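In the numbering used here, the protein residues as written are 881 to 1433.
Where a beta carbon is used, it is the ideal one built from N, C-alpha and C, also for glycine.
Remember, it's a predicted structure, so these values are computed and weren't measured experimentally.
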């Protein structure tokens, strides 16, 4: 009987570097598989021919091989190396062609347009609750998975009872919300890396597309000038602007055309007026006044497109661009082969005690610089576009006519500082609003040159005011420290809503949304915040302001 003898066991250890493991994943589509198979087929073609050549050469008579001797192997090696070089060249060329094809796809307009729409879809999915609140639509909830089991009749009755209870709870919640005072709820803000740290100087809605917003970015101070921006934001994509127009000078005013909504007028701090076509992807202006001899010599603080009657019947209208500048000129720009300028009025300084009109001749000994009054803002009458109001740096508001450029029709005195904004009431066309650096907001009646109502709630500069498009009693005001919503039907002493700014941030502009109960607020950090107005009381009557005496509204 034989037994297998096992050798003595020996323990062995092996030491090596630590093995690092990583999880990697890659996604391949049908197009990747298709391109890979085509590349393999094309690369296999020269290899097939090379094998045939080698086999034919190997089957040739051996006379030459005997005559060549050992040198034949070197020739075979050289032939094989040349074939490999050809294959490498073909593969490299195929790789370059694929890269060129990929670059062509990435740079194609169709691909960019598809990415543009896909980004909008993603943003609408992310901001769906906020956008629904903005458009006053119901908020969509994620659907629950459907249960496949059959419910009994008792369970169905229980579900109906639960739904009824939920409806009652919602009614109670709505009643409780009606008791909650009016407030502002922040939905989102238009901002990006390019706008951070810049002042929002101007806001303007597109006249045809209510989802398109133009925003101007710049600095108000002369010593704080930085690069400016004019951006077109869409409600459908709050994260990045649709159009970006950069400039070495700060943007002070923007406005969309009425007759041609694709034209955007931009005013700059150096006095230039530029017109851009937002339908084009080009960032070069279609027209500008940089080479015009009639260009403004100071910052263009406001510009606006105005439709005026060309004939006596009023059916034929033309559109002009009106601008006001710190050089004391109110100019209209007409688009023909270029931008042609004509002055509507040259603002002159006035004294409180003199009965002399603003356009009348001054004394010969008075210096020219003392006779010019820098213009800050203007507002055309909503019905009669031949009449407009102009606010000046000295605190006066002049009523002017496009037919008379030598004198003012009237002068409203009440502010002690520069007038930054004038706004006509959209319902009562004899009432207008103004704000100033003297911390005040004043309501005026067109026939009365004295203030009708004055508001001085804070000791901060009021940069902007705006009437609500849905009520003649409600207006918004933006000062350095807070945004105020006033309701004249509720109180003329205290604002209805007060929204305080964050430390170090100043509010600069306000603008109501056209079709929703929302308010847009621009600040000194480059953000345009969108707020929803909640629990705003409604007036019992039609919402018109009736001015009868100086003590009643």
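Determine, using beta carbons only, whether residue i and residue j come nearer to each other than 8 Å.
i: residue 1258; j: residue 1323; result: no
i: residue 1349; j: residue 1365; result: no
i: residue 1295; j: residue 1275; result: yes
i: residue 1120; j: residue 1095; result: no
i: residue 1434; j: residue 1118; result: Look at the range of the chain in this structure, 881 to 1433, and you will see that residue 1434 is not part of it.
i: residue 1390; j: residue 1363; result: yes
i: residue 1170; j: residue 1152; result: yes
i: residue 1110; j: residue 1125; result: yes
i: residue 1202; j: residue 1210; result: yes
i: residue 1127; j: residue 1107; result: yes
i: residue 1068; j: residue 1007; result: yes
i: residue 1255; j: residue 1205; result: yes
i: residue 1367; j: residue 1381; result: no
i: residue 1388; j: residue 1080; result: yes
i: residue 1063; j: residue 1293; result: no
i: residue 1336; j: residue 1316; result: no
i: residue 1199; j: residue 1138; result: yes
i: residue 1307; j: residue 1352; result: yes
i: residue 1071; j: residue 1406; result: yes
i: residue 1265; j: residue 1187; result: yes
i: residue 1227; j: residue 1172; result: no
i: residue 880; j: residue 1221; result: Residue numbering for the chain in the displayed model covers 881 to 1433; residue 880 lies beyond these limits and cannot be assessed.
i: residue 1288; j: residue 1280; result: yes
i: residue 1305; j: residue 1347; result: yes
i: residue 1344; j: residue 1325; result: no
i: residue 1098; j: residue 1149; result: yes
List the DSSP bridge partners of residue i.
i: residue 1276; result: 1293
i: residue 1085; result: 1093
i: residue 1255; result: 1272
i: residue 902; result: Residue 902 is not bridged to any residue.
i: residue 1410; result: 1068 and 1400
i: residue 1108; result: 1127
i: residue 825; result: With the chain covering 881 to 1433 only, the question about residue 825 has no answer from this structure.
i: residue 1135; result: 1145
i: residue 1304; result: 1312
i: residue 1267; result: 1281
i: residue 1389; result: 1402
i: residue 1077; result: DSSP output for residue 1077 lists no bridge partner at all.
i: residue 1113; result: 1093
i: residue 1384; result: Looking at the DSSP assignment, residue 1384 forms no beta bridge with any residue, so it has no partner.
i: residue 1098; result: 1079
On the DSSP letters alone, give me the boundaries of the beta strand (DSSP E) that residue i sits inside.
i: residue 1063; result: 1063–1070
i: residue 1359; result: 1354–1359
i: residue 1323; result: 1321–1325
i: residue 892; result: Counting along the chain, residue 892 falls outside any beta strand (DSSP E), and DSSP gives it neither H nor E.
i: residue 1317; result: Here residue 1317 belongs to no beta strand (DSSP E), and DSSP marks it neither H nor E.
i: residue 1127; result: 1123–1127
i: residue 1367; result: 1362–1367
i: residue 1331; result: 1328–1335
i: residue 1344; result: 1342–1347
i: residue 1377; result: 1377–1380
On a Cα-Cα basis, can you pick out the residue from the options that is closest to residue i?
i: residue 1416; options: 1356, 1161, 1119 and 1096; result: 1356
i: residue 1009; options: 996, 1171, 1066 and 984; result: 1066
i: residue 1180; options: 1133, 1086, 902 and 1217; result: 1133
i: residue 1016; options: 1398, 913, 1405 and 1406; result: 1398
i: residue 1130; options: 1314, 1075, 1217 and 1018; result: 1075
i: residue 1182; options: 1396, 1136 and 1116; result: 1136
i: residue 1339; options: 912, 998, 1001 and 1361; result: 1361
i: residue 1122; options: 1020, 1268 and 999; result: 999
i: residue 1359; options: 1321, 1001 and 1342; result: 1342
i: residue 1207; options: 1199, 1222, 1187 and 1178; result: 1178
i: residue 1166; options: 1185, 1378 and 1142; result: 1142
i: residue 1320; options: 1311, 997 and 1298; result: 1298
i: residue 1330; options: 886, 889, 1347 and 1277; result: 1277
i: residue 1269; options: 1230, 1229 and 1313; result: 1313
i: residue 1014; options: 1116, 1284 and 1273; result: 1116
i: residue 1005; options: 1021, 921 and 993; result: 1021
i: residue 1060; options: 1385, 919 and 1377; result: 1377
i: residue 1393; options: 1157, 1412 and 1197; result: 1412
i: residue 919; options: 972, 1168, 1042 and 1156; result: 972
Taking residue i as part of the alpha helix (DSSP H), name the residues at either end of that continuous run.
i: residue 991; result: 989–1006
Would you mind listing the beta strand (DSSP E) stretches within the segment 1152–1223 that are 3+ residues and don't spill past its ends, in chain order? As far as the segment 1152–1223 is concerned, its whole beta strand (DSSP E) runs of at least 3 residues are 1153–1157, 1180–1189, 1197–1205 and 1209–1215.
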